[in-house]
Each structure stands twice: as C-alpha cells, then as structure tokens.
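Student: I have a structure here, written as structure tokens, and I will follow up with some questions on it.
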Amino acid sequence: MTAETGTSERPAASDESLLPELVAYLRENRTGLREQWVERITAAGLLTAMTPDEIFSEVTAVYDNYVAALETGSVETLQAYARDLSERIIPRGVDTDEVLGIVLLLRDILARSLFVHYQDNPELLHRILDAYEPAANRIAVTVGVSFVEERERVIREQQDAIRELSTPVLQVRDRLVVLPIIGMLDSQRARQLTEQLLGAIQANRARVVVLDITGVATIDRTVANHLVQAVEAARLMGASAIITGISSKIAQTLVDLGVDLEQMRTVGDLQGGLEEAERLLGYRGEAAATDQRT
Amino acid sequence: MSVAILRQGDALIAAIQSDLTDAQVLALRDDLSERVGRHRLHAVIVDVSALDVIDSFVARSLRSMAITTRLRGAETLVVGIQPDVAIAMAHFDLNLKPLRTAKDLDEALVLLGERLEEDGGAG
Amino acid sequence: MPDEVRVEITRDEDMLPARAQGRALALELGFSRTDATLIATAISEIARNIIVHVGKGEITMQPVQEESRYGLVVTATDSGPGIADLDAALEHGYASRGGLGLGLPGARRLMDDFDVQSERGTGTTITMTKWRVRDELELLRERRRLLDEKHHGKHRSDGAGP
C-alpha cells in the first residue's frame with residue numbers, strides 16, 4: 028500500500044507491506060475488539076452523557092474510520108468525521124478529556140490485541156508495532172485536535188452572537204432607529220456596525236438613525252473613518268445619521284484626526300439625539316430643507 | 002434598453018436598469034438635462050437601485066447633473082442607492098452633498114412634493 | 423482556490439465585465455458582499471484609468487492565500503506613456519479637480535494595499551489588494567464547504583479512502 032494523500036508519515040519500506048496485514052486483522056476482529064472497547068469506555072466512566080446505543084453507534088464509526096485511516100495513511104476522512112462527531116457531542120457536554128480518553132483506549136486495546144496475536148513471533152510483532160504506533164498516534168492527535176478546534180469554533184460563534192447582541196437595532200418609532208453601541212469598537216466591529224446600520228435603514232425604512240456611542244471609551248483613526256463613512260453612506264441612502272454620546276476623549280481624537288465634524292450631526296447625549304431626530308422627522312418640510320443645506 | 006424614462010406630472014423619472022458605460026452615463030446626463038429644459042420640468046428622479054457599482058465617475062456625473070439641472074430650475078434626486086454601494090461611495094474623496102438622495106421612489110415623490118409646497122407650489 | 427482571472431481592457435464596455443468578474447471572484451473567495459462591491463468599484467476606477475489615459479491594457483485578479491489571511495490582488499497593466507506626475511495623481515482631491523481625474527485616489531481608499539509603478543514611456547502597473555483575516559470561523563467555513571463537497575462525492579467511511 029502506498030500512503031499518498033495528505034501528509035502521512037511513511038513507515039519504513041518493510042513496514043509498509045505489513046499495514047495491509049494489520050488492517051485485515053483489525054477488520055476481521057472488529058466485533059470483538061469493538062466490544063472490548065465499549066467495556067473499557069464504560070469501566071472508565073467515559074461518555075456518560077451518551078446512551079449505550081449512541082455509544083455503540085459512535086464507537087463503530089470511530090473504529091471504522093480509525094482502521095480506514097490506518098489503511099490509507101490519510102486522515103482527511105477521519106478529520107471530517109471527528110469534526111462531525113464533535114459538533115454533535117459538544118452540546119451534550121462531552122469534554123476533551125473524554126474524547127482523547129476513548130481514542131487512547133482504542134489505541135491501547137488494538138495494541139494489546141496485536142501483542143497477543145503475534146506473541147509467537149516477536150520479530151514480526153516488533154515490525155507490526157513499528158507500523159502501527161506512529162499511525163495510531165497520529166490518529167489520536169487528529170481526533171483530539173479536531174475536537175478542540177470545533178470547540179473553539181463554537182466559542183467564537185458565541186462571541187460573534189454576543190457581539191451582535193451588543194449592538195441591537197432598536198426601532199424606536201416609525202422611521203427612527205437607534206443603535207446603542209457598547210464596549211470596544213474595533214475596525215471589524217465598526218464594519219459590522221456600518222452594515223447593520225444600513226441594513227436597518229433599508230429594512231425599517233428609517234429616515235433618521237441615532238448612533239449612540241456613550242458606551243464607547245476610545246476610537247482610533249480607522250474606526251473614526253468607518254464612522255464618517257457610515258454617516259455618509261446613510262445619507263446616500265436617504266437617511267440622516269445622528270451620533271450621540273461622544274466622550275471628550277473621542278471628541279479630541281476626532282479633532283486630532285482632522286475629521287470634518289461640520290459634516291457630522293452630533294448631539295451630546297442620547298436623549299438629546301432622540302429629540303433632534305424627532306425634530307427632523309416631525310417637521311418634514313424643515314427636514315427637506317435641512318438635508319439640502321448640509 | 003438600459004434606462005427607462007417616464008414622466009410623472011412635471012417630474013421626470015429615469016430608472017437605470019443595468020450597468021452603464023461611461024458613454025451611456027454622459028448621454029443620459031445630457032438627455033435628462035435637455036428634457037428638463039424642453040419641458041420646463043421641476044424634478045428629475047434617477048433610480049439607481051439596479052446598479053451594483055457606482056464609481057467616482059458615475060457619482061460625479063450625477064452630481065454635476067444635479068447642479069446643472071438645478072440651474073435650470075429642476076431638483077434632482079437619486080434614489081435606491083444600495084447599502085454596499087453607499088459604503089463604497091462613502092470612500093470617495095468627493096463632496097457628494099449637492100446630490101440629494103432618497104431611499105426609494107415613494108420617498109422621493111414625497112420629498113419633492115414638500116419641497117414644492119415650501120416653494121409656494123409648482124410654478 | 424479559484425484561478426486567476428484576466429480581462430483585456432480596450433474599450434469603454436470592457437469595464438463592465440471587469441467589474442462583474444471581480445465581484446464574482448471576490449464572493450467566491452468568501453469576501454462579504456460589501457467587500458466585493460468595494461473591490462468591483464476599485465476595478466472600475468483603474469479600468470477607466472486605462473481606457474481614458476492609455477486606451478489599452480489588462481486587468482488581472484489573483485486570489486492569494488496566506489497563513490492568517492486571504493486576499494484578492496488586482497493588477498492593472500498598460501504600456502502607455504506612464505503617469506507624468508505620480509504624486510499629484512495620488513493626491514487627495516485630484517479626482518475632484520474637474521475632468522475625469524485619474525480615479526487612483528478613489529481606488530486606493532477602497533482597497534487595503536495599493537502600489538503604483540510607472541515609468542515614462544514604458545507603462546504603468548497598479549497593484550491593489552483587499553485582505554480579510556482568516557480567523558477560525560472563516561477557516562472553518564472553508565473546511566465545511568470542502569466537507570460538503572466530499573460528502574456529496576464520497577463513499578461510506580469504512581475502507582474507501584479519498
């Protein structure tokens with residue numbers, strides 16, 4: 028067999044020829060070895076969050092993927108399965124140590140079984156293990172890493188969701204939308220904000236948007252630019268943007284950066300901003316004239 | 002046909018239906034300007050909601066059209082700028098303030114109606 | 423990884439496919455709709471630059487993948503007379519000085535990296551790139567896409583290798 032795909036470690040030439048034998052052995056003894064594995068998993072108190080049926084079905088899939096990975100030298104399919112498995116079990120509360128634990132248990136069971144099977148031929152056993160061990164270790168690492176990566180992805184998704192929540196879009200009254208921004212405003216968030224702002228204008232047919240940055244401590248040049256662009260983009264979509272809650276620190280930053288504050292409608296606090304917004308909306312004739320002037 | 006032009010009262014509505022070449026943009030600008038003069042129209046509404054991209058040339062052309070038609074007594078309103086396009090336009094180093102905008106046709110007509118009222122009714 | 427796209431610019435009309443292909447490629451790479459529009463707009467600016475000032479040139483769009491970010495590199499080349507006053511051309515406010523301007527400042531603001539190499543009598547090469555950070559989430563999106571492709575084409579997982 029040749030290990031051609033992915034970044035497989037190549038066993039020594041003589042060992043390569045043993046892999047088919049190894050794989051065949053593992054397949055033939057699948058039922059027995061799998062049962063042993065399940066027993067050991069239960070005895071070790073692992074996967075308690077899953078039912079016996081679930082354990083059995085996952086164990087079967089892992090075993091088969093494991094053997095396939097040994098056979099092909101490629102862990103891609105195993106990776107895919109591991110990620111899929113992780114996606115399913117993470118919400119069930121299965122933890123990293125359990126996942127690593129069961130994979131290592133399987134590794135041990137298979138190794139012991141090889142010991143027993145080849146006990147009459149130490150030299151052959153040695154060579155079989157030489158073929159088996161690196162591959163088995165690589166499999167353990169693959170599964171572990173996939174699981175951890177999946178967990179990190181879940182955490183990031185949650186962070187993303189929190190970030191979105193922290194910039195709610197509030198439809199305050201007809202044609203008026205408020206975006207209260209809290210926390211750190213970095214470039215990525217500012218971009219997200221701009222898109223949210225414009226999306227709100229489109230969805231809510233807003234004529235005035237109030238962007239409240241009372242909860243933002245500082246901003247840098249890039250973020251300031253994003254804000255200016257957001258205001259301009261809002262105007263191009265036919266809405267006026269009012270920025271409220273600019274701290275003296277941010278005000279200083281804007282001045283230092285040379286941002287043209289004449290172009291931006293700003294009001295000290297949110298309350299004032301809402302009043303200004305209502306004024307803009309309430310006196311439509313005046314609104315048209317104001318748009319014309321600024 | 003890239004641009005559909007219709008008349009509504011003394012307003013002209015030009016709906017751009019697909020991406021325009023520079024030559025077509027200039028032709029449109031001149032066409033609208035000529036019609037404004039010929040029919041003594043009071044408003045031109047340019048609907049750009051079908052445009053995926055509005056670059057600095059198109060933006061400047063729209064702006065210059067707004068300025069010149071105002072000199073001929075008509076108000077120009079650009080409607081339907083898409084969110085991404087608006088963001089892109091905000092990157093230009095251009096003063097687009099002379100370009101009045103509205104979200105859509107309905108808004109535009111309302112704004113124009115008010116404006117005309119403010120001026121003491123259509124002349 | 424999608425391939426490089428090449429568009430010849432010889433007439434006014436060529437700007438349109440250049441923009442459309444740039445946008446499509448950007449979306450395929452995973453850029454947001456907004457970024458795709460920024461890129462398409464920048465392409466429009468430099469395409470016009472070629473048409474108006476040289477008459478003939480070429481725009482290529484090349485996806486690039488780095489460890490922590492992916493990007494789209496757009497290059498405009500022509501064998502024209504070169505830009506006489508590069509500093510002026512890149513200055514803020516140049517575009518608004520009446521006439522057509524060169525549109526380069528606009529393109530520069532729309533993109534992240536921007537470089538102009540111009541030699542009198544030889545020609546000009548403009549290289550501009552938009553980058554996005556390949557954070558975990560995006561990495562995973564790509565992997566998932568690959569996964570989906572695999573799932574559609576592969577056999578059962580026991581024994582059949584890729």
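Residue numbers (this note's numbering), protein chains in the order written: chain S, 28 to 321; chain P, 2 to 124; chain E, 423 to 584. Cβ coordinates follow ideal geometry from the N, Cα and C atoms, glycine included. Owing to the predicted nature of the structure, the values given are computational and were not obtained by experimental measurement.
#1: So, for I82 of chain S: in the same chain, excluding its five sequence neighbours on each side, which residues have a beta-carbon less than 7 Å away from its beta-carbon?
#2: Using only the alpha-carbon positions, how far apart do E558 of chain E and L447 of chain E sit?
#3: Are the stretch 162 to 177 of chain S and the stretch 270 to 280 of chain S touching, with three or more C-beta to C-beta distances below 8 Å?
#4: Taking a cut of 7 Å between CB atoms, which residues from the stretch 207 to 222 of chain S lie near chain E?
#5: Looking at V243 of chain S and V204 of chain S, is the spacing between their C-beta atoms short of 8 Å?
#6: Can you list the beta strand (DSSP E) stretches of 3 or more residues lying completely in the stretch 77 to 106 of chain P, in chain order?
#7: Please report whether the beta-carbon of D507 of chain E lies at a distance below 8 Å from any beta-carbon of chain P.
#8: Give the straight-line distance between the Cα atoms of E435 of chain E and T22 of chain P, rounded to the nearest whole angstrom.
#9: Out of P:S57, P:D94, P:A15 and P:E76, which has the shortest C-alpha to C-alpha gap to T463 of chain E?
#10: In terms of residues, what are the limits of the beta strand (DSSP E) holding R531 of chain E?
#11: Are R61 of chain P and L95 of chain P close, meaning C-beta to C-beta below 8 Å?
#12: Quick one: list the residues of chain E neighbouring V54 of chain P, beta-carbon separation under 7 Å, in chain order.
#13: Flag this pair as touching only if the stretch 543 to 555 of chain E and the stretch 441 to 458 of chain E have three or more C-beta atom pairs under 8 Å; answer yes or no.
#14: As an exercise, report each continuous beta strand (DSSP E) stretch of at least 3 residues that is fully enclosed by the stretch 255 to 309 of chain S, in chain order.
#15: Output, in sequence order along the chain, the residues in the stretch 427 to 440 of chain E whose CB is closer than 8 Å to any CB in chain P.
#16: Using a beta-carbon distance cut-off of less than 7 Å, what residues from the stretch 82 to 96 of chain P approach chain S?
#17: At what residues does the alpha helix (DSSP H) containing T194 of chain S begin and finish?
#18: Indicate whether at least one CB of chain E lies closer than 8 Å to the CB of D20 of chain P.
#19: Is it buried or exposed, Q290 of chain S, if we count other Cβ atoms within 10 angstroms and call 16 or more buried?
#20: Quick check: the Cα distance between L206 of chain S and G295 of chain S, rounded to an integer number of angstroms?
#21: Against chain S, does T551 of chain E count as a neighbour if the rule is that its beta carbon must be under 8 Å from one of theirs?
#22: For the alpha helix (DSSP H) that Q63 of chain S lies in, which residues bound it at each end?
#23: Is DSSP giving A15 of chain P helix, strand or coil here?
#24: Name the chain E residues whose beta carbon is nearer than 9 Å to that of D23 of chain P?
#25: Extract the residue ranges of the alpha helix (DSSP H) inside the stretch 177 to 251 of chain S, only unbroken runs of 4 or more that lie entirely within it.
#26: Specify, as a first and last residue, the run of the alpha helix (DSSP H) that L52 of chain P falls within.
#27: Quick check on the burial criterion: 16 or more other C-beta atoms within 10 angstroms. Buried or exposed for M2 of chain P?
#28: Starting from the Cα of T547 of chain E, find the closest Cα among E:P424, E:E480, E:L532 and E:A440 and give me that residue.
#29: Quick check: I277 of chain S and I246 of chain S, are their CB atoms within less than 8 Å of each other?
#30: To which residues does DSSP link F142 of chain S through a beta bridge?
#31: Taking the straight line between their C-alpha atoms, what separation do you get for R202 of chain S and V86 of chain P?
#32: Tell me the DSSP secondary structure of E624 of chain E in three-state form.
#33: According to DSSP, which residues form a beta bridge with S540 of chain E?
#34: Under three-state DSSP, which class holds E430 of chain E?
#35: Quick check on the DSSP output: the alpha helix (DSSP H) that includes R73 of chain P runs from which residue to which?
#36: Does any residue of chain P bring its CB to less than 8 Å from the CB of R491 of chain E?
Tutor: Let me lay it out:
#1: V65, I68 and L74
#2: Because E558 of chain E sits at a pLDDT of 45, beneath the cut-off of 50, its placement in the model cannot be relied upon, and the following sentence gives the value as read from the coordinates. Using only the alpha carbons, I get a separation of about 22 Å.
#3: No, they do not touch.
#4: E222
#5: By the CB criterion at 8 Å, V204 of chain S and V243 of chain S fall outside the cutoff.
#6: 101 to 103
#7: no
#8: 6 Å
#9: Of the candidates P:S57, P:D94, P:A15 and P:E76, the one whose C-alpha sits nearest the C-alpha of T463 of chain E is P:S57.
#10: Not the beta strand (DSSP E): R531 of chain E falls in the alpha helix (DSSP H), residues L526 to L532.
#11: yes
#12: R441, T459, A462, T463 and S466
#13: Taking 8 Å as the limit for Cβ pairs, the verdict is that the stretch 441 to 458 of chain E does touch the stretch 543 to 555 of chain E.
#14: Segments of the beta strand (DSSP E) lying fully in the stretch 255 to 309 of chain S: 267 to 271 and 292 to 294.
#15: D434, E435, M437 and L438
#16: I82, P84, A87, I88, M90, A91 and H92
#17: Taken as a continuous stretch (DSSP letters only), T194 of chain S belongs to no alpha helix (DSSP H), as it is neither H nor E.
#18: yes
#19: exposed
#20: 15 Å
#21: no
#22: R57 to A70
#23: Secondary structure of A15 of chain P (DSSP, three-state): strand.
#24: D434, M437, R470, I473, V474 and L522
#25: 214 to 231
#26: Counting along the chain, L52 of chain P falls outside any alpha helix (DSSP H), and DSSP gives it neither H nor E.
#27: exposed
#28: Nearest C-alpha to T547 of chain E among E:P424, E:E480, E:L532 and E:A440: E:E480.
#29: Going by beta carbons, I277 of chain S and I246 of chain S fall inside the 8 Å limit.
#30: DSSP, once it has assigned bridges, lists no residue as partnering F142 of chain S.
#31: 22 Å
#32: Residue 624 of chain E cannot be examined here, being either before or after the span of chain E that is shown, 423 to 584.
#33: E:T546
#34: strand
#35: Per DSSP, R73 of chain P belongs to no alpha helix (DSSP H) and is neither H nor E.
#36: no
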